[in-house]
Structures are given as C-alpha cells and as structure tokens.
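Asker:
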Amino acid sequence: MSAWLPAAPCTPAACATHDGRSRHPLPAVALLCAGCALVLTGVLCAPLALLLGRSRRAPLTRTWAHGVVRAFGVRVRVVGRPRVHRAGPGALVVANHVSWLDIPLVAAVCPGRMLAKSDIRRWPLLGPLAALGGTLFVERERLRDLPVTVHAVASALRGGARVVVFPEGSTWCGRGPGGRFRPAAFQAAIDAGAAVQPVRIRYLREPAGHRVPAGATAFVGDDPLTASLWRVVRAAGLTAEIHVMPPIPAGSVTTRRALAALAQSTVARDSANLPSESVHH
C-alpha cells in the first residue's frame, strides 16, 4: 500500500472486540445465513430493479438495505431526514466509515451511487451487488486517476444522482476521533453545483441509555470479512445509529478543503442527546 494513502491506527485485536452480551452459535449461524441470503437476493434482483425509474427504485432499495442490517442482528436508529431531491444536481452524501455495515445502513436512508475502493468489487456477494448498483470504483493506489474519478462523480451529480462517499479513505473503529476528510470528492460537488449531505454513523451496544460504542462492528486493519461477519452476528444488543445532518447548500463554501473541513466538523458533532425522528427495530 502506498505511504500516501490514509490509514487508521485501529487494529482488529485492539478495537474490534465485544464485551457485552453474546449470542449462542446456533442463532448466530441463523442470522449469518439470513443476512447472506438477503444480500444474495439483492444481487439476483438488482438487474430487474435497474429497469425501474429512480423514484420507484429508491424505496425498494431503502427497504432491502434496512432488512440487510436487521438480518445480521443489528437494530437501526435513524435521526433526521435527508433532503428531498427535486430537479437539478443531486447531493454528495459524506459519512464517517466504521464497518462494511455502513454501506447498507446509508442505503437504508440515503440510497445512491457509492464511491468505493476497487477491492470491494472482489468481495463475495457485496462486490457484484455494488457493481450492479452503479458503484463508482476508484483505484486508491493510482493517484493519477483521481481527476478521472472526480469528473465521474461530478457527472453523476449533475445528472441528479445522489453519490455516497466515505471521505476518510479508511475505516476507523468509532471509539475515538476519526480520520480527516479528504477533499477530492468535495471538488466534484463544487464542480457540479451540488449540496453536501453530512451523515454520522455510530454503532452502540447495551445499555442503550449509556450509549456505549460497540467494537464488534468495527471492520479495521487487515480484518478478514468472514471474521467480521461472525463477530457481528455473535454480538447481541447492537444498534446502528445514522444521524442525517442538515445539508450544506451548494455554493456556500467555495474551496474543496474548506468544504471538507466543514463537513468533517459537522459529522463530528456530538448528537447523543438529540431526539430521533424515526426509529426502526
């Protein structure tokens, strides 16, 4: 890996641990099979869904994505609502990055085209699904291709698409400060005249009233996907919280670095005491 690429200090041994209630292996296996089956269903049905218009496809995507998170045994709590899209450019959705669960979690609230590292294309089940869903893949180690990626994102935004980006460039465990938001994707929003929709993701474990960060969901370092899947289904009492912040209007910030810094500070705000507008169990 290039030394220029962002990397988190989080490791599976230090960060991806669960010290709460655990499920018996049998129900954990059942959840694992249910979650994988629902993902596979999405892969098989994606070509048919593409025949539908964006307005008809979005609610189906939200329902399916919410079901995927729940199938793996994780509750979903939604705070806030995304901007209703009308005519004109779409929106750049930016979120902190903790887990592979982030992908269906964001899709359950703000479905759109993902910007993802090319490695995800090779993931079992999720890779083909991402490709079918119009994911924009980027070669993280080929920095000379970055202008092409920015142009592709800007074109999608101009066409009215919502594009989802995890601008930290790496996953962080969520138990402390995250990474710096890289500015490249924000240039696409500026070029397209698109708003930026900040989103904050947190994974919590019981007791819910104390809002304890959950380590089981962290997918960091060289953690194998299979190990992370098993850790999630074995951990009981997990809640995925997604907080949709107020959007940053197009044109309100004129440089990509300032826009990235504003989005990062917005996502970093503590939302622990804010009421939820909708809660899914």
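Those letters in the sequence shown? Residues 1 to 281, per the numbering used here, in order.
Built from N, CA and C at the ideal position, the CB exists for glycine as well.
Shortest alpha-carbon distance to PRO25 belongs to which of TRP230, THR11, LEU51, ARG202?
Answerer: Locating residue 25 in the sequence shown gives position 25, counting from the first residue. Nearest option by C-alpha distance: TRP230.
Asker: Excluding the 5 residues flanking THR266 on each side, which residues of the same chain have their C-beta closer than 6 angstroms to its C-beta?
Answerer: In the sequence shown, counting from the first residue as 1, residue 266 sits at position 266. Cβ within range, chain order: PRO198, MET245.
Asker: For VAL153 and ALA185, which I take to be in contact (beta-carbon distance under 8 angstroms), what is that distance rounded to the nearest angstrom?
Answerer: The sequence position of residue 153 within the sequence shown is 153, counting from 1. The sequence position of residue 185 within the sequence shown is 185, counting from 1. Confirmed, Cβ separation roughly 6 angstroms.
Asker: So, with DSSP's three-state summary, where would you put PHE219?
Answerer: One-based indexing of the sequence shown puts residue 219 at position 219. Three-state result, PHE219: coil.
Asker: Going by DSSP, name the residue or residues bridged to VAL79.
Answerer: Within the sequence shown, residue 79 is the residue found at index 79, counting from 1. In DSSP, VAL79 forms a bridge with HIS243.
Asker: Mind checking which residues open and close the alpha helix (DSSP H) that includes ILE103?
Answerer: Position 103 of the sequence shown holds residue 103. Looking at the DSSP string, the run of the alpha helix (DSSP H) that includes ILE103 is 102-107.
Asker: How would you label ALA227, buried or exposed, when you count the other beta carbons within 10 angstroms and need 16 or more for buried?
Answerer: Along the sequence shown, read from residue 1 onward, the residue named residue 227 stands at position 227. ALA227 comes out exposed.
Asker: Taking C-beta to C-beta, are ALA235 and CYS173 nearer than 7 angstroms?
Answerer: For this step, residue 235 is matched to residue 235 along the sequence shown. For this step, residue 173 is matched to residue 173 along the sequence shown. Cβ atoms of ALA235 and CYS173: not closer than 7 angstroms.
Asker: Let me know if PRO104 comes out buried or exposed under the rule of 16 or more other beta-carbons within 10 Å of its beta-carbon.
Answerer: Taking the sequence shown and counting its residues from 1, the one referred to as residue 104 is at position 104. Its Cβ being crowded by 16 or more others within 10 Å, PRO104 is buried.
Asker: Using only the alpha-carbon positions, how far apart do ARG158 and ALA195 sit?
Answerer: Residue numbering aside, residue 158 sits at position 158 when the sequence shown is read from its first letter. Residue numbering aside, residue 195 sits at position 195 when the sequence shown is read from its first letter. Between ARG158 and ALA195, the C-alpha separation is close to 11 angstroms.
Asker: What do you reckon, are the CB atoms on ALA216 and VAL233 nearer than 7 angstroms?
Answerer: In the sequence shown, the residue the question calls residue 216 occupies position 216. In the sequence shown, the residue the question calls residue 233 occupies position 233. Not in contact: ALA216 and VAL233 (Cβ atoms no closer than 7 angstroms).
Asker: Is it right to say HIS66 is buried, meaning 16 or more other beta carbons lie within 10 angstroms of its own, or is it exposed?
Answerer: Stepping through the sequence shown from its first residue, residue 66 is reached at position 66. Buried, because 16 or more other Cβ atoms sit within 10 Å of the Cβ of HIS66.
Asker: If you reduce the DSSP assignment to three classes, tell me which class ARG113 lands in.
Answerer: Walking along the sequence shown from the start, residue 113 turns up at place 113. Residue state, collapsed to three classes: strand.
Asker: Mapping DSSP to helix, strand and coil, what is VAL43?
Answerer: Counting from 1 along the sequence shown, the entry for residue 43 is found at position 43. Three-state DSSP puts VAL43 in a helix.
Asker: By Cβ distance below 8 angstroms, which residues in the same chain neighbour VAL150 in space, the five residues on each side in sequence not counted?
Answerer: Within the sequence shown, numbered from 1, the residue matching residue 150 stands at position 150. These residues qualify, in order along the chain: ALA184, ALA185, GLN187, ALA188, ASP191.
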